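Everything in the sequence shown is counted per numbering that gives the first Met the number 0, starting at 0 for the first residue and increasing by one.
From the three backbone atoms N, C-alpha and C, an ideal C-beta is built for every residue, glycine too.
Please read these numbers as outputs of a predicted model, since none were measured by experiment.
Notes follow the structure.
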Amino acid sequence: MIDLDKLLYQHSARVWGAAVVVTLEGGGVVNLTVIDRTEGVEQSRGGVEIGTVEPAAEVRTSALLGLGLARGDLVKARFALSGRSWRVVSTQGVQSPAGEVAAMLFLSEAI
Numbered sequence: 000m001i002d003l004d005k006l007l008y009q010h011s012a013r014v015w016g017a018a019v020v021v022t023l024e025g026g027g028v029v030n031l032t033v034i035d036r037t038e039g040v041e042q043s044r045g046g047v048e049i050g051t052v053e054p055a056a057e058v059r060t061s062a063l064l065g066l067g068l069a070r071g072d073l074v075k076a077r078f079a080l081s082g083r084s085w086r087v088v089s090t091q092g093v094q095s096p097a098g099e100v101a102a103m104l105f106l107s108e109a110i
């Protein structure tokens with residue numbers, strides 16, 4: 000099976016990612032590489048797909064697992080990216096043929 004994390008997501012993070020220090024809600028601190036994806040994204044609200052522009056960042060699921068973190072651990076986390084302070088209000092998985100372990104997560108910021 001093709002290792003999408005190594006061939007695609009790891010490369011994308013190296014090329015477009017920024018190293019950030021993430022402060023978790025409980026006070027723990029971790030270093031992650033995230034990609035600023037603030038652009039038009041589809042959001043599902045009340046069963047309706049809405050195209051909108053919202054602050055969003057992307058992080059590799061495997062990077063979280065490597066730090067012993069789960070997706071939900073990032074909710075209410077804070078970090079600085081692209082000259083702004085972020086507070087994560089939700090996470091949304093990005094589909095991968097290899098499953099969630101080799102996927103990316105969108106982190107949405109409170110506006």
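Which residue comes first and which comes last in the beta strand (DSSP E) that contains residue 64? The residue you call residue 64 lines up with position 65 of the sequence shown. From DSSP, residue 64 is part of no beta strand (DSSP E) but of the alpha helix (DSSP H) over 60-65.
Note down, in chain order, each residue of its chain lying with its Cβ closer than 6 Å to the Cβ of residue 15, except the 5 sequence neighbours on either side. What you label residue 15 is simply residue 16 of the sequence shown in a count that begins at 1. Hits under 6 Å: 34.
Contact belief for residue 77 with residue 86 at Cβ below 8 Å, rounded distance in angstroms: Looking up residue 77 in the sequence shown gives position 78. Looking up residue 86 in the sequence shown gives position 87. So it is a contact: roughly 5 Å between Cβ atoms.
Alpha-carbon to alpha-carbon, residue 36 and residue 66: Position 67 of the sequence shown, counted from the start, is the residue given in the question as residue 66. Position 37 of the sequence shown, counted from the start, is the residue given in the question as residue 36. Residue 66 and residue 36: Cα-Cα distance of roughly 22 Å.
With a CB to CB cut of under 6 Å and the five nearest residues on each side skipped, what residues in its chain are close to residue 81? For the purposes of this step, residue 81 is identified with residue 82 of the sequence shown, where counting begins at 1. 35.
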